[in-house]
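> Here it is, the structure, as structure tokens.
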């Protein structure tokens, strides 16, 4: 299927590794022009030639805003903003969570998306195929015990997405959220390992528990998520907006 993405101008935050890298690579494979920011300098160094890239902590508003401005200037406009950057946050009971960790999780997982949209929206208004893709999580639909800062931020992403879809619809800018489930990769493994350590259980037990309430009990791949992003960013997805789209194998709860 030709999605007609050649020449599309795309920004991906947190785009040098993991899901973000899969998204960036997928757009590049379709002929899009891509700009990426990430906090990981080593991962940024592995990006292909021609990708505009900057090392950015998206939790620092001025740094993120400066990158968005520079990326739009380098790309010569903007068609799609992918707000992917995020962190796992602490794994702990609510009364053991430090306020600084709570604030940092919300700053990176939620506030950075607000800043990115606010900085990019004028350029998106000039596009004939404008879209915003915000990354939430299945934790933003079902909750996540011992991960309250992360879950709260991801629920917030859904509210941000729905509100922006209504607000920006008259500008022909569609806004959607992606809600990944249990995604294959080092980050997910670290999350499960942290939970196993916190509960004094084995990794295998925690992994089995994670899949216990998932109909298709297998890891989601970053490529599957990237495929969904590309479709809703293409002209074929021109009437898809205001949606929180799960790519999770029908995960009904997180434990």
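In my numbering, the protein residues as written are 673 to 927.
Note that beta-carbon positions come from the ideal geometry of N, C-alpha and C, so glycine has one too.
1) Would you mind working out which of 702, 844, 695 sits nearest residue 708, comparing C-alpha positions?
2) Let's test the definition: count the other Cβ atoms within 10 Å of the Cβ of residue 681 and tell me whether it reaches 16, buried, or not, exposed.
3) What residues in its chain sit with their C-beta under 7 Å from that of residue 684, if we drop five residues either side in the sequence?
4) Since residue 838 is in the alpha helix (DSSP H), which residue starts that stretch and which ends it?
5) Could you tell me the distance, in whole angstroms, from the CA atom of residue 779 to the CA atom of residue 731?
6) Counting along the chain, where does the beta strand (DSSP E) carrying residue 852 start and finish?
7) Assuming residue 850 and residue 740 are in contact, meaning their beta carbons sit under 8 Å apart, how far apart are those beta carbons, in whole angstroms?
8) Taking the beta carbon of residue 874 as the centre, do at least 16 other beta carbons fall within 10 Å, making it buried, or is it exposed?
9) Note down the Cα distance separating residue 839 from residue 795, rounded to an integer number of angstroms.
10) Out of 843, 775, 927, state which residue places its alpha-carbon closest to the alpha-carbon of residue 871.
11) Helix, strand or coil, according to DSSP, for residue 775 in the structure here?
In brief:
1) 695
2) buried
3) Residues 692, 695, 696, 706, 708, 754, 756 of the same chain have their beta carbon placed closer than 7 Å to that of residue 684, with the five preceding and five following residues left out of the count.
4) 820-840
5) 5 Å
6) 845-852
7) In fact, because the Cβ distance is near 20 Å, the residues do not count as touching under 8 Å.
8) exposed
9) 16 Å
10) 927
11) DSSP, read as helix, strand or coil, puts residue 775 in helix.
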